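Novice:
Numbering (our numbering), first residue to last: 77 to 532.
1) Tell me which same chain residues have a C-beta within less than 6 Å of the C-beta of residue 22, skipping the five on either side of it?
2) Expressed to the nearest angstrom, what Euclidean distance is found between the alpha-carbon atoms of residue 326 and residue 215?
3) Grouping DSSP H, G and I as helix and E and B as strand, with all else coil, what is residue 111?
4) Kindly indicate which residue of 316, 298 and 161 has the alpha-carbon position closest to the one of residue 88.
5) Excluding five sequence neighbours on each side, which residues of the same chain lie with their C-beta closer than 6 Å to the C-beta of residue 205?
6) Looking at the ligand COA, does it come within less than 6 Å of residue 476, judged from the CB to the closest heavy atom?
7) Just list the residues that DSSP pairs residue 380 with in beta bridges.
8) Rounding to the nearest angstrom, what Cα-Cα distance links residue 125 and residue 100 in this structure?
9) Measure from the alpha carbon of residue 344 to the alpha carbon of each residue in 288, 392, 301 and 393, then state which is nearest.
10) Could you say which of 219, 405, 274 and 370 lies nearest to residue 286 if we only look at CA atoms?
11) Would a C-beta distance cut-off of 7 Å place residue 420 and residue 431 closer than the cut-off?
12) Taking all protein chains shown into account, do 16 or more other C-beta atoms lie within 10 angstroms of the C-beta of residue 304, making it buried, or fewer, making it exposed?
13) Using DSSP's beta-bridge definition, name the partner residues of residue 164.
14) Quick check on this structure: which residue in 241, 429, 266 and 413 has the alpha carbon closest to the alpha carbon of residue 435?
15) When you compare the CB positions of residue 365 and residue 380, do they come within less than 7 Å of one another, or not?
16) Reducing DSSP to helix, strand and coil, say where residue 479 ends up.
17) Measure the beta-carbon distance from residue 472 to residue 465 and round it to whole angstroms, keeping in mind my assumption that it falls under 8 Å.
18) To the nearest angstrom, report how far apart residue 427 and residue 438 are at their CA atoms.
19) Can you give me the Cβ contacts of residue 498 inside the same chain, cut-off strictly under 6 Å, excluding the 5 residues immediately before and after it?
20) Taking the Cβ atom as the reference point for each residue, do residue 299 and residue 363 lie within a distance shorter than 7 Å?
21) How would you write the range of the beta strand (DSSP E) that residue 144 sits in, first residue to last?
22) Per DSSP, residue 134 forms a beta bridge with which residues?
23) For residue 175, does the count of other Cβ atoms within 10 angstroms reach 16, so buried, or fall short, so exposed?
24) Check this for me: beta carbons of residue 110 and residue 122, under 7 Å apart or not?
25) Helix or strand or just coil, what does DSSP make of residue 443?
26) Return helix, strand or coil for residue 263, following the three-state DSSP convention.
27) Can you grab the Cα-Cα spacing for the pair residue 331 / residue 481, in whole Å?
28) Mind reading off the beta-carbon distance from residue 157 to residue 105? Whole number of angstroms is fine, and I expect it under 8 Å.
29) Out of 514, 340 and 269, which has the shortest C-alpha to C-alpha gap to residue 488?
30) In this structure, does DSSP put residue 435 in helix, strand or coil?
31) Measure the C-alpha to C-alpha separation of residue 469 and residue 290 and round it to an integer number of angstroms.
32) If we ignore side chains and look at the alpha-carbon of each, how far apart do residue 335 and residue 113 end up?
33) Check the DSSP bridge columns for residue 184 and list the partner residues they point to.
In structure tokens:
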């Protein structure tokens, strides 16, 4: 365990709430908390993983009645001695107690420093530590489930198993080269290749899951497009369950883009309501149309709306021709009204999924979720045993490991000597180790934890 100073920070927001928590970690966490706490039992004598009622004092003055948790290292979140002061959630109370803690010589924690210490003390590997922030920031059920799998070690365990296999094969080759009389490398090359090929496939599958993982955690950037008055703003309001956009029968009401993140089923959409696209002489409306096309260019998904109760227009046809090569879902809005015949005919000839939708009744919402899931997550979200990689850094290291193992296979096919294998095997071993936090430089570690919130 690393020898470090003692740090403290609020583990809850500095805003009025039912409870506030001040987290303290380090070699002097318990003894220093004892200096401002008075209860039936001295915290210095308390057993680990116990909670104690008492009062926090500033000299002779009572600051608050609190519960203090004591968790002794190495069996704590950080791997160090940890105390957590659970106080009333008033802003002044929390500030006062935190000020008392700092007066004891305890240093304010940096963002993410508690989790950084958990990593440095071996409580979490780097992959697990990075997933802590993903858990905090998850805004959909699927993103939360995926982050929890990583935090629990699903990804790490997979990589550790592969590294053990690589290390075993490398050790065998090294032993055989040192002691050829007792080890036979006659047909070993083909045997090794037979073992490596499925490993490559497994790593490639993990790497390829990054596309889905990124969308899962960052959300699918979704442009809502169509000519004026087809129900784009109504769709945004319906999906966000609030009146975010002005809805009017007057064409051209929406002049600018309006964004809102929504959870739809188990996925997150970053919706962009755009101006109605049509030919116009209005200077301001033209700017809105230009911004609508810019949103289309940047979108992962386009929801193309038609008013199914009105005839198809030339603007509808032109817009579809400009977006049909992209990821598009055609939403026939106002499905609760009578369909116009040419809309039905148009829907039969498009090359994208069609969903009949009503922002008035909600019909079509479940089908829309299913369609998007099929488009972006190969039909269904990951099951209990599957996992999506969500870090670009992890994806790049996985790709590096794949390339190294492919070089091993190439060396075997080319009839190279076995000592060539070990170099590339160990390169793959090191690449996977960097995902877990082995042999990574301090700047990278600091950069990862700098994005964490204070007190975590």
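Even glycine gets a Cβ: it sits at the ideal position worked out from N, Cα and C. On a predicted model such as this, the values are computed, not experimentally measured, just so you know.
Specialist: This is what the structure gives:
1) Since the first and last residues shown for the chain are 77 and 532, residue 22 lies out of range.
2) Counted from its first residue, the chain shown places residue 326 at position 250. Counted from its first residue, the chain shown places residue 215 at position 139. The pLDDT assigned to residue 326 is 46, lower than 50, so where the model puts this residue is not dependable, and the model offers no usable value.
3) Here residue 111 is taken as the residue at index 35 of the chain shown, counted from 1. In this structure, residue 111 counts as coil in the three-state DSSP scheme.
4) Counted from its first residue, the chain shown places residue 88 at position 12. Considering only alpha carbons, the answer is 161.
5) Residue mapping note: residue 205 aligns to position 129 of the chain shown, counting from 1. Once the five neighbours on either side are set aside, the close Cβ partners of residue 205 are 191 and 195.
6) In the structure shown, the ligand COA is absent, as is every other ligand, since no ligand is present at all.
7) Reading the chain shown from its first residue, position 304 is the one you call residue 380. Beta-bridge pairing links residue 380 to 301 and 406.
8) Numbered from its first residue, the chain shown carries residue 125 at position 49. Numbered from its first residue, the chain shown carries residue 100 at position 24. The straight-line gap from Cα to Cα measures roughly 14 Å.
9) Translated into positions along the chain shown, residue 344 becomes position 268. It is 288 whose Cα lies nearest to the Cα of residue 344.
10) Numbered from its first residue, the chain shown carries residue 286 at position 210. For the residues 219, 405, 274 and 370, the minimum Cα distance to residue 286 belongs to 219.
11) As a first step, residue 420 must be located in the chain shown, where it is residue number 344. As a first step, residue 431 must be located in the chain shown, where it is residue number 355. No.
12) Residue mapping note: residue 304 aligns to position 228 of the chain shown, counting from 1. Its Cβ being crowded by 16 or more others within 10 Å, residue 304 is buried.
13) Here residue 164 refers to the residue found at position 88 of the chain shown. Beta-bridge pairing links residue 164 to 95.
14) Indexing the chain shown from 1 puts residue 435 at position 359. For residue 435, the nearest C-alpha among the options comes from 413.
15) As a position in the chain shown, residue 365 is number 289, starting the count at 1. As a position in the chain shown, residue 380 is number 304, starting the count at 1. Cβ distance not < 7 Å, so residue 365 and residue 380 don't count as in contact.
16) What you label residue 479 is simply residue 403 of the chain shown in a count that begins at 1. It is helical.
17) Reading the chain shown from its first residue, position 396 is the one you call residue 472. Reading the chain shown from its first residue, position 389 is the one you call residue 465. 10 Å between Cβ atoms; not a contact.
18) To locate residue 427, count along the chain shown from 1; it is residue 351. To locate residue 438, count along the chain shown from 1; it is residue 362. So the alpha carbons of these two residues sit roughly 25 Å apart.
19) Numbered from 1 along the chain shown, position 422 holds the residue referred to as residue 498. Here the set comprises 246 and 249.
20) Along the chain shown, read from residue 1 onward, the residue named residue 299 stands at position 223. Along the chain shown, read from residue 1 onward, the residue named residue 363 stands at position 287. For residue 299 and residue 363, no; Cβs fall outside 7 Å.
21) Here residue 144 is taken as the residue at index 68 of the chain shown, counted from 1. Residue 144 -> beta strand (DSSP E) spans 137–147.
22) The residue given as residue 134 occupies position 58 in the chain shown. According to DSSP, which records beta bridges pairwise, residue 134 is partnered with 137.
23) Looking up residue 175 in the chain shown gives position 99. Under this definition residue 175 is an exposed residue.
24) Residue numbering aside, residue 110 sits at position 34 when the chain shown is read from its first letter. Residue numbering aside, residue 122 sits at position 46 when the chain shown is read from its first letter. Their beta carbons are not under 7 Å apart, which means residue 110 does not touch residue 122 by this criterion.
25) If you number the chain shown from 1, residue 443 lands on position 367. In this structure, residue 443 counts as helix in the three-state DSSP scheme.
26) Here the question's residue 263 lines up with position 187 in the chain shown. It is coil, neither helix nor strand.
27) For the purposes of this step, residue 331 is taken as residue 255 along the chain shown, with counting starting at 1. For the purposes of this step, residue 481 is taken as residue 405 along the chain shown, with counting starting at 1. Low confidence applies here, because residue 331 scores a pLDDT of 49, under 50, leaving its location unreliable; read the following figure in that light. Residue 331 and residue 481: Cα-Cα distance of roughly 54 Å.
28) Here residue 157 refers to the residue found at position 81 when the chain shown is read from its first residue. Here residue 105 refers to the residue found at position 29 when the chain shown is read from its first residue. That belief holds up - the Cβ atoms of residue 157 and residue 105 are roughly 5 Å apart, short of 8 Å.
29) For this step, residue 488 is matched to residue 412 along the chain shown. Checking every option, the nearest Cα to that of residue 488 belongs to 269.
30) Residue numbering aside, residue 435 sits at position 359 when the chain shown is read from its first letter. Residue 435 falls in the coil class under three-state DSSP.
31) As a position in the chain shown, residue 469 is number 393, starting the count at 1. As a position in the chain shown, residue 290 is number 214, starting the count at 1. Answer to the nearest angstrom: the Cα atoms are 12 Å apart.
32) For the purposes of this step, residue 335 is identified with residue 259 of the chain shown, where counting begins at 1. For the purposes of this step, residue 113 is identified with residue 37 of the chain shown, where counting begins at 1. Straight-line Cα distance between these residues: approximately 48 Å.
33) Position 108 of the chain shown, counted from the start, is the residue given in the question as residue 184. Paired residue(s): 84.
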